[in-house]
Each structure stands twice: as C-alpha cells, then as structure tokens.
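Chain order of the listed sequences is E, Y, A and X. The numbering of the first sequence is our numbering, which starts it at 1 and goes up by one. The numbering of the second sequence is our numbering, which starts it at 330 and goes up by one. The numbering of the third sequence is our numbering, which starts it at 659 and goes up by one. The numbering of the fourth sequence is our numbering, which starts it at 988 and goes up by one. Below: the structure, in structure tokens.
Protein chains: 4
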Amino acid sequence: MDLRPPFNITRSSHVRLTVSDLAESTDFYAQVLGLVVTEENKRVCYLRGLQEACHHSLVLEQAQDGGTCRRIGFRVFFDEDLDIAYRYFRDRGLPAEWVEVPHQGRTLHVSDPVGTPLELCATMETRPRMHIQFEIFKGAHAQRLDHYQILAPDTYALCEFYSTLGFRNSEYLAHGDTLLGAFMYRKGTCLDLAIVTGAGPRLHHFAYTVPESHNIFTACDVAGNLGYGDAVERGPGRHGPGGMLFAYLRDPDGHRVEVFNSHYQTIDAEIEPVRWDAASLSTNARWGLPALEKWYFEASPFIGVPQIEPAEPQRPMTLERFLLERSSL
Amino acid sequence: MDLRPPFNITRSSHVRLTVSDLAESTDFYAQVLGLVVTEENKRVCYLRGLQEACHHSLVLEQAQDGGTCRRIGFRVFFDEDLDIAYRYFRDRGLPAEWVEVPHQGRTLHVSDPVGTPLELCATMETRPRMHIQFEIFKGAHAQRLDHYQILAPDTYALCEFYSTLGFRNSEYLAHGDTLLGAFMYRKGTCLDLAIVTGAGPRLHHFAYTVPESHNIFTACDVAGNLGYGDAVERGPGRHGPGGMLFAYLRDPDGHRVEVFNSHYQTIDAEIEPVRWDAASLSTNARWGLPALEKWYFEASPFIGVPQIEPAEPQRPMTLERFLLERSSL
Amino acid sequence: MDLRPPFNITRSSHVRLTVSDLAESTDFYAQVLGLVVTEENKRVCYLRGLQEACHHSLVLEQAQDGGTCRRIGFRVFFDEDLDIAYRYFRDRGLPAEWVEVPHQGRTLHVSDPVGTPLELCATMETRPRMHIQFEIFKGAHAQRLDHYQILAPDTYALCEFYSTLGFRNSEYLAHGDTLLGAFMYRKGTCLDLAIVTGAGPRLHHFAYTVPESHNIFTACDVAGNLGYGDAVERGPGRHGPGGMLFAYLRDPDGHRVEVFNSHYQTIDAEIEPVRWDAASLSTNARWGLPALEKWYFEASPFIGVPQIEPAEPQRPMTLERFLLERSSL
Amino acid sequence: MDLRPPFNITRSSHVRLTVSDLAESTDFYAQVLGLVVTEENKRVCYLRGLQEACHHSLVLEQAQDGGTCRRIGFRVFFDEDLDIAYRYFRDRGLPAEWVEVPHQGRTLHVSDPVGTPLELCATMETRPRMHIQFEIFKGAHAQRLDHYQILAPDTYALCEFYSTLGFRNSEYLAHGDTLLGAFMYRKGTCLDLAIVTGAGPRLHHFAYTVPESHNIFTACDVAGNLGYGDAVERGPGRHGPGGMLFAYLRDPDGHRVEVFNSHYQTIDAEIEPVRWDAASLSTNARWGLPALEKWYFEASPFIGVPQIEPAEPQRPMTLERFLLERSSL
C-alpha cells in the first residue's frame, strides 16, 4: 500500500456502457434507479445520480452489440495528475493515450496490467445537484456512483498494482493465503474498486448509493412493475464485507448494477483492513441464500480486451451448488 | 360469504406453541422480533407485540417435543358470542368444550371440520401498550400478531366453512377453477387466516406486523448476529397477494414466523376479492426467486390432530424446481 | 358507550371541501400528499389514497368561496343501516334527508346535535387499489383517509352522542372532570373522529395515513419545493395521544390536512381508554414545541352551519403563549 | 482556498467536553444518540459512533463546571503533518504545544487566530467497528462524528484562515457582501467545520450522522421518554444549506449536539460552492418555523478562551422575532 501515490486518483467517477436500445436502457436507469438524464441524443445518454454535480456518472452508448463496457472512469484531483499518470503508465509499458471526450476536461485513456480500460480526467462540466429536488425523485433515488467490481484472473497481482496507485483495502476475503476478493478505496468510504478472482478483466457490476433501506426495495418493486422482475438477480440482502444492504439488478443488456445504502468512513491510515475468511467468494452477511451461479460468472466484457482465466477455476458456493449439497435436490 | 355470521369473531388473537428450550425460544422472539415478555415461569412464557394491550399473542410452552402447535386463538366480541359458538360447533358435530385458561376470560375450545384446534375467548387481561416506549424496543419492533396461515387438504371446503363464520376473502390464488390459496379476514385488514392447499391441518406460519420496511431487514440482521442466520428461510421480499414486504424465519424448533409491514384496509362489503392466477402457489410479487421447497411443505403439526393429504399432490414452483427447469442445474 | 349501536357506521369515508382554484388544489393533494385523481371535471375533482378501492375519499369542489367544508362522510355496513339511521335521526328531531350523489350508492344526509353535516352511504363505486403501483407514487404516498377532527363547543355532550352510535374512545384528554378532547373510533384503529373543544362545529383537520416515517418528511419537503413551505403549519412531531408521527399542512384554501403514520389496533371491548391529563389541549408527546395559536383556533367552517362558542373560552398552551411565559419574549 | 495546504488535515475527529455529572451525560449519549462507550472511569468517558474504528469521537470529562468545551479535534494523515503543523502555527505566532493524550498518538495543541483550541493527532488506538452489531444498537444509531459548528466574531476572516489549511466551502450563507456562515470541509462530504458569525469562539454544536430519517425521530422520542424532552431544542427539520434532515438536542450540561442524516459527496475541485442568500442566518430549507433565539445565541465556551463580539450585532430571524413581526403576538 502506497500512502504517497505518484498521482492522486480521488474517486470512481463514471462508467461507459454499450446498450442495444438506448431509449429502453435510459428508461430503466431513470425509472428504476432514479438517475437524472443530464443530456441525451440519438447515440448517447448521459445520466447522473441525484446528488451528483458532475455531468455524468453513467454514459449509455447505442451500439449494435450492447452489453459491453467501454471504460470505467476515475477522477484525479489536479490536472497535473494526468500528466504524471501518463508518464507512469507509459514508463511501465502500459497503454496511455490522450483523448477528447465531450463534457470532460483533459482526458487520459490507460489500461491496468490485466487490460482493464480506464478513463482518467480531472474535471467535468457541472450541473446543479438535484438532491433536494424531491418532487422529481423516481425509483430508488440513486444518489451517486460509488464503486465498480471487476473480475480479474489474479486478484492479488491486480490488488498490488492498484495499491501502488494509492488504493487501500478496507476489507478482503481470503482462503488461507489466497486472496479471493479485495475491497479497495481512494475516497474515504470502503470502496471504489472491488477486485474479485474470475475470468477477466470484466466488469462484474457498478454500484449506486441509495439513501435508505426502503429504497432498496423500491428498486426491486419498480423493476418488477416495469417488466424487469427477472432483472432482480440477487437480494435484497446484507453484505458481509462492508455491511451494506444491497440488491443487484441486470439492465436490459445484462449489465449488472447494484443499489446499496451507504457504507462507513475510512480515511485514517492506522486502521487495519478487515479479513473475511471463506473457502470461496461469498458476500452475504450472516443470513441469506447464496447468489445464483450466474451472479458469480456472468459479467460485462470490455470491448476488445481479451479475457484470461484464473490459474485455478473458481468454485464459489452458488445457490445451485448449495441446494445440491444440502440434498435439497 | 356470510356478512351476518352467527357469532362475531373479531380477529386472530394468539397462538400456543410447544418449544424444546423455553429460555432459548423466548430469547429468539424477544431479541429478533422484539416481542415483550408479559409474564413467564419455568413452564410457559407469554409474549405480546409492542402495541398489544392484551396479555399475550404468543404463548410458548416448554415441552419434550417442541415444534408442535397447540391451538390458534381468535377473539369474539361479546361473551355471548362464545355461547352461540359453542352451540354452533356442537350442532354441526364439531368438538366444542369449555376450558379454564390463565389470563383469559371464558374460553372455548373448538375444531374446524378439518381438525384445526381453535381457542375462542372474548376477553383477556390487559397490560399497557408499549408502542411509545421506544427506549425498550428491540429487534424488528414487532407490533402485533396479525394472521395465521394453515395448510389444509381442501382449501375450497375450508374456505367455505370460515365464510359461514363471516370470514371474507381479500385476495385469492387460483388455477382455473381450483382454489389454491385464500386470504381471509375478519378485522378490516386483508388477513386473519390464510388457507393454502397442503397436507393438514398444520400451521404454516403466524405473522407479526412491523412498522416500517427497515424493520424487516433488522429481523434478519439480528437473527444472523445471534446465530440464527439459517433461520431466515425466505425473503426479504414482496408478496404478490397483499403487496406487503416480508421475511420468514424459523424459530429454534422450526416454527415459522413471518414479519411483514402493514397491509391495506378492507371493511367495505362491495369490494371484490382480488384474483391471482397461477398454476401453483406462489406468493411473490413481480420479482424475487421462488421459495425453497421446505417453505411450501414444512409446517408445525397440531398436537394429536391427524393430517390429511390433499386429493392432488401439490407441485409448487419451488426454488429447487425453478433452477432445475431453467437448466441452471 | 354503546357496543350494540342502532346502526353500523364502519369508518370515516370521505370529505367534501370547497376550493377557490380546483386545479391548484388538485395539484397540492396529488403532488404533496400523493393522492390519486380518480376522476375530475371543471367543477369537481375526486381523489383517493393509494390503497383505497373506493372512488373517492376527498372531493374538491370549485367554489367562489373556497375554504369551507360541505360534509364529512361515514360508511355504514349494510344498505339497511341507512334506513335505520334515517329513522334514528328523524326520531331525535335531527336533520335527515335522502340525496343523490354521484359515484355513491344510496346516500343519506344527516346532522349531529351540534350541526355537523354528515353524509352516510353503504357503497361506492370501486377502483383498483394502487398500493403496489410503485412507479406512479408521488409525494408522501398517502394511503387512505383515516379520521377527522372537529371542533365542538361541548366535547362531552358530542362525545356522548357519538357513543350512542357505537363510537368508542381510544384515548382522551381531560383536565380534572373536564373533557377537552376525545379520540373516537369505529374501525378498529384508534381514530375515526376526534372531538376537541372549540367554537364549532368546524372541521379542524382530516388525516391521511402514510406508510413510513420518512413520508412525513417528504410531505413537508415537496410542499416546500412547490411553494407551499408556509403551509407546513406544525411538525413533523410525535403525538401524545395515539403516539403517531405527524405533520399538519394547510392547503391553498387553508383547509388543514394531517399526514401521519399508522396507529395501533383497538377492536377489543375490554380495553380501557387511555387518559391524558393536561390543563389545556396539547397533542405533543414528550418533546416538541407547542403548536401555533392558529393551529388551535383556525378551522374550516361547514357551509351554512352556525358556530357556537364553548361555555368557557379555551386557553391552550400555544407556541406564542409558551414563549411569552418563558420570558423568551 | 488552498488546494495544496501545508499539511493534511483529513477530518474532524473528536470533541472534549466537561460535564457536571459524568454518569448522566454518558447515559444521555449512549441511550439517546446510541454512542458506544469504548472505555470509562470515574473521571472521563470515551465514546464513539457505531461505525467508528477509532477509540473516541466524544470525550466527556467530569468537572465542577460542566458545560464548557476543552478542544475540538482534527486528524492529520501522516505523523509528519503534525511537525509541519507545529511550525506553521509557531511561525504565525499562534499557540502550538506538544502534549501527551491517552489513546492517541503524538498530539499537538494549537489555536486558530480567534482562539479556538484545536487538538491534532495522526493516529488513535482502534477498536472494532460496531456498525453491523445490530443487536446492541440503541437510540438514534449515531454512526460517526461528522462536523463542528463554531461561532466566531468574523466569519470571513476565520474562513480565510481555514482556507489556507485546505478547508473548502461546500455552501455558504451571505447577505450582500457579508459572509454570515461558511460550511467548510476537508473529508469529501460537505462539512467538517461550520463557521457562523457570533460572539466567540464558542462551540455552537457538534454533529453525528444517523443512517436514516427515522433515526432522527428516535433521537427525539428516546430523549422525551428519558426525561430530556426539553432537550429537543430544534427540529426535526430540513436544512437549507446541505439539505440534510436534522434535530438539535441539548445535553444535560447544555452542550448542543445535532443528529442528521448523511450529506452529499464533494471532493472535486471544479465544483463551485452553493450560495444561500439571506438577510440573516437561517438554516431552514423551504419549510419549518425559525429556530428559537437561544439556538442562535447560546453555545459552549472554550475553557479559558476570551470571547469577542462581532463588529455588528447579529439579528437573526428567531422564532420569537418571527412571531412578533407576524403580529401573532
């Protein structure tokens, strides 16, 4: 863990997804999660959470092949951090390229060692926060993008990489000496980026905060009423690592989005990460059925990025396996 | 449906369960549900919900063979209703017997045609309601006993019997002409007694109201923390019939208790019951995985009451079957 | 108290108000409370709560002089109850008249001894309940009309009258032998009609239930955002009698509406009403500043009904008096 | 605003108060707010919020003269930051002194230009977070100390000082060119330190977050039940600046503590502070009565620190003045 990272990534910022039907996907995120449409045209829709002052945290792009992720975005604090980042990635032989991106300041495209395509910027256009415009609230009242979870073939190795960028572990899941999942943060809560072992890199999910526990139910209820009942893939439940309430939904293209209520504050350097011991990845707290197999194994590919299988195939305690082993089946 | 029933049952009132370890079961209901102990001794514990003014709505009796139900109780409005009820059951060749029961006024034991042992009384000792004693609240803040669900071999026949006693349907579940489940009420909400087809009579569950949706999570969370994580059998979820949020827990002897938030007001005579159409019993709303097989088939037997199988074996869409049919397994 | 009343009033049902600007008032109740518009035309708008199956619980009528109440409505159980009620009022020299009212079955207009104009009916047109149509929810998610509070010159005398109609006291406020306020119910919760001493008869407020405590805040928040901030007259706070959370709002014509979360179950005959002792009317629980003077003294007049002053002028502990006596002023 | 401050203050950390009756004050904070007692003896009690991993965020010290504040604490990120801070304050002729403080790492006492006594440290002993130990939750489930509000004779001047330390404004209240209140933060939410014009320096209040809006009511309800009903000085209500729900309570010595639900995320450098325009300080959102005069003018003095009056006496719109001007009085 590097407490004096070479450049200052401050938080997870925005995710770019391709979708097969822009209107339908926009509707899903606006009605079910309650995101606000900042701006849209025939090709792309920019959305943000109710409390977000920046132009977008979710970018939906119309594509023939929906269901892929273009990039996950992080913010850096100063514009100069971008220059340092550029050199940092170049020096290590990693992709780094300046690009022009609408509604964002100077923008840098880089990839981590496993190929996850990242987008870094220091500024974005701003818009008024809508967090007290109660009369326009919809769905789950999603407040802000909080974190991503990616699948990667070697959690430990990737965790090490992000540690050198200043990411710290709030909690992690391990079996003996094997790290199965790492909850890493930059912004003073317990997550910006979760890394979990699996064929990857792929985007397992991105997560929006909701203010209160009843909002978790509303996400499911509105999804159900709008015909997305099957989209409620997991939950509502309580996470073990983190301790938050959650529900996972699949959007019309199968992208997985989590709504959860807010986690705890981290910040201080002396606090040790919390270890969760398990033979296989599980993020349930002390109650609740295991997640479906597809929750563990399905994820959004990054466009053009080859996937690598983990050295050892994962065998999580899925709901299917759980029922078989209990001879329920 | 008889809107002028022979005697006036007003509401579901109390349930008597046998338990193997009185101290542990008391602890479960006091810590997890948040019931108040009105009175207890080595043999029996009387509990009530936070808003209940009557002495008990849950009676736990120490027994070698825990896990059985002695009786489910209903209140009648006048003492005279008991006398009419006595004659009513006797005239139909059904069991009816006067008994002495502590903390209750004159008490009548009767059985319905399928053998469900009922206990009727018109009065009980009272205690102050605790609904604004916030400083003693625990667990899920359970407010009051609301309803029972019983399994019976012929839902239609039993539904007819209770209809003559003035019970009305708020909602029901049917497949073609076959009634699979009936939500019946006396007290002006949508349930006092749910009847569902299955080997019976058995007590499928009894249910307590909780004030808000977050209390449903707290029931699960406290259960998990106290070592009863496996007791969270189903949920949190949303009912189709009724529309309430729910979680089902199994107590240390396997008795099933539901916590749910409050349903709607019925009362008026002109409102038609709501029909839910399904090939098999399901109480999910428009999202959520099916319930485990054991949720459908396990229930508390009534002591000494023989069970009858339904004419046609039930084949509900269990979680296990659902996963098999989706070839997930 | 008569537990065998001559006819069966089952619940408070609907209130008819005159308003100066039908469109604005409709908007207030739809946006702030979240009522559903069942039907409207240029002259009248019918609204109902999200869980209500009957055609209307609030009827707004365009009038030059908004701010008056036409009638408060109660439901009776059987159509025959109306005939008995007709004779009952006629026999006592009280007004009773058959009228035709759209969307209701046979309807009877009567007045209580102090002149409060009541409207009784046994049936209404029905509509689907909207309680699980989460995607159309607005404002405070108001569920159903629950009760009225009227001001009357002699609480004891009027309380006696309603007692003979089967209304029972759940809680009451008294100073020595003087009854200052009576919380009366028919429907098995703790209120259908509150009677409080004051120049009357006038409609002090009518009240809708909301599901959870956060909805109380939302009523205030949306009111504030839509320009009705001054309409939040009192609260959010906690009632002493009843123990519910509340907020009182004044609609564009000054009609007072309460939103509150649900109270406890009554029903049983043996439970004694709860006495609250106070030198003057106060409905605060154990914290919170007193209500403004106008909360005590302003109310909607009933059209054409003369008002009578109480024998002794009321001198409640208003916020103004409280601050003066504490020498804060 | 200095985005590259000389040393890195990361967050508000802990407050030290004197109290007249340690047992009673401890009980107040444990029962009403729900703080956890980390450690206590006859002279001092250390408390922390449910999600806090550090040893204390509230230190109560038994004293003959309760009702004073010793110091407000901030955390710095690195131990070296303390050394830089030491020189920074010394160089400016401001008090700076190394002290030994139990349960904290190296600790520095400094004072800002107006005399506010600060305590800086980089580390503290840690304890397990209790945020998922639901079975021990009490009162308002207070999660963590969030911010202080201090009164100072010249808000602009003091705001400038803290700006050089890297504090940024999220929102502020001004009348023309006069800054009346500044909401300043370090930690990525909208507050660590609020500065408001008034005789000072004094501690107006310190604030703990609560997870959901219902917890705000519970703070009031439990306070009321435990005999602290008069301690609920203001609220529940909604802040204008910030947009959070709040209630303000006075502890047994008159120290003011706020409970509020969580605010929004700041972090990004390009976001402009939000201006609220008002002739006098008001923190209400768009509804709710003004605060009592004492809410504006009473505050905890810092031991041994002389108070300075502002150049112009403040004349906020108090509840008393509001009622007088409306001729309500």
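Note that beta-carbon positions come from the ideal geometry of N, C-alpha and C, so glycine has one too.
My output table needs one value for residue i: the three-state DSSP class, helix, strand or coil.
{"i": "residue 448 of chain Y", "result": "strand"}
{"i": "residue 159 of chain E", "result": "helix"}
{"i": "residue 77 of chain E", "result": "coil"}
{"i": "residue 319 of chain E", "result": "helix"}
{"i": "residue 338 of chain Y", "result": "strand"}
{"i": "residue 214 of chain E", "result": "helix"}
{"i": "residue 1059 of chain X", "result": "strand"}
{"i": "residue 498 of chain Y", "result": "strand"}
{"i": "residue 107 of chain E", "result": "strand"}
{"i": "residue 199 of chain E", "result": "coil"}
{"i": "residue 1211 of chain X", "result": "helix"}
Shorter than 7 Å from the beta carbon of residue i to some beta carbon of chain E?
{"i": "residue 827 of chain A", "result": "no"}
{"i": "residue 997 of chain X", "result": "yes"}
{"i": "residue 1091 of chain X", "result": "no"}
{"i": "residue 879 of chain A", "result": "yes"}
{"i": "residue 1245 of chain X", "result": "no"}
{"i": "residue 615 of chain Y", "result": "yes"}
Apart from the five residues just before and just after residue i, which ones in its own chain have a Cβ nearer than 6 Å to its Cβ?
{"i": "residue 1138 of chain X", "result": "1183, 1185, 1187, 1189, 1191 and 1286"}
{"i": "residue 1084 of chain X", "result": "1096"}
{"i": "residue 377 of chain Y", "result": "365, 367, 385 and 386"}
{"i": "residue 44 of chain E", "result": "61"}
{"i": "residue 293 of chain E", "result": "318 and 320"}
{"i": "residue 1297 of chain X", "result": "1140 and 1184"}
Just to confirm my understanding: we take residue i, look at its own chain, exclude 5 residues before and 5 after, and list those with CB closer than 8 Å. What are they?
{"i": "residue 1055 of chain X", "result": "1004, 1005, 1287, 1288, 1289 and 1290"}
{"i": "residue 786 of chain A", "result": "711"}
{"i": "residue 359 of chain Y", "result": "365, 366, 376, 467 and 468"}
{"i": "residue 71 of chain E", "result": "15, 16, 109, 117, 118, 119 and 302"}
{"i": "residue 261 of chain E", "result": "209, 210, 211, 212, 213, 215, 216, 244 and 245"}
{"i": "residue 660 of chain A", "result": "821, 822, 823 and 824"}
{"i": "residue 829 of chain A", "result": "841, 848, 899, 900, 931, 932, 933 and 934"}
Would you please state the rounded distance, in angstroms, between the beta carbons of residue i and residue j? I believe it to be under 8 Å.
{"i": "residue 158 of chain E", "j": "residue 652 of chain Y", "result": "Not quite, the Cβ-Cβ distance comes to about 32 Å (not below 8 Å), so this is no contact."}
{"i": "residue 654 of chain A", "j": "residue 825 of chain A", "result": "Residue 654 of chain A lies beyond the residue range present for chain A, which begins at 659 and ends at 987; the question has no answer from this structure."}
{"i": "residue 1303 of chain X", "j": "residue 1263 of chain X", "result": "At roughly 14 Å, the Cβ-Cβ gap does not stay under 8 Å, so residue 1303 of chain X and residue 1263 of chain X are not in contact."}
{"i": "residue 476 of chain Y", "j": "residue 523 of chain Y", "result": "6 Å"}
{"i": "residue 991 of chain X", "j": "residue 1173 of chain X", "result": "That belief does not hold up - the Cβ atoms of residue 991 of chain X and residue 1173 of chain X are roughly 13 Å apart, past 8 Å."}
{"i": "residue 451 of chain Y", "j": "residue 363 of chain Y", "result": "Residue 451 of chain Y to residue 363 of chain Y, Cβ: 28 Å. No contact."}
If we cut at 7 Å on Cβ distances, does residue i have a partner in chain X?
{"i": "residue 370 of chain Y", "result": "no"}
{"i": "residue 937 of chain A", "result": "no"}
Could you tell me whether the Cβ of residue i comes closer than 7 Å to any Cβ of chain Y?
{"i": "residue 870 of chain A", "result": "yes"}
{"i": "residue 952 of chain A", "result": "no"}
{"i": "residue 323 of chain E", "result": "yes"}
{"i": "residue 1212 of chain X", "result": "yes"}
{"i": "residue 320 of chain E", "result": "yes"}
Spatial neighbours of residue i within its chain, please: CB distance less than 7 Å, with the 5 preceding and 5 following residues excluded, ordered by chain position.
{"i": "residue 130 of chain E", "result": "36, 50 and 136"}
Could you name the residues of chain D that residue i contacts, counting a contact when the two beta carbons are closer than 9 Å?
{"i": "residue 876 of chain A", "result": "Among the protein chains in the structure shown, which are E, Y, A and X, there is no chain D."}
Check whether the Cβ of residue i lies closer than 7 Å to any Cβ atom in chain A.
{"i": "residue 1261 of chain X", "result": "no"}
Exercise. Going along the stretch 893 to 908 of chain A in order, which residues come within less than 7 Å of chain Y, judged by CB to CB distance?
Worked result: Residues of the stretch 893 to 908 of chain A with a C-beta less than 7 Å from any C-beta of chain Y: 901, listed in chain order.
Problem set entry | Proximal residues, the stretch 501 to 529 of chain Y versus chain A, C-beta separation under 9 Å | Of all residues in the stretch 501 to 529 of chain Y, those with a C-beta nearer than 9 Å to a C-beta of chain A are 516, 517 and 518, reading in chain order.
Exercise. Which of the residues in the stretch 451 to 471 of chain Y, read from start to end, lie with their CB under 8 Å from any CB of chain A?
Worked result: If the cut-off is 8 Å between Cβ atoms, the stretch 451 to 471 of chain Y has 451, 452, 453, 455, 458, 460 and 461 near chain A.
Exercise. What are the residues of the stretch 1046 to 1066 of chain X that lie near chain E, defined by any Cβ-Cβ distance shorter than 8 Å?
Worked result: Within the stretch 1046 to 1066 of chain X, the qualifying residues are 1062, 1064 and 1065.
Problem set entry | Chain-ordered residues of the stretch 667 to 691 of chain A with a beta carbon less than 7 Å from chain E | So the list reads 689, given in the order they occur along the chain.
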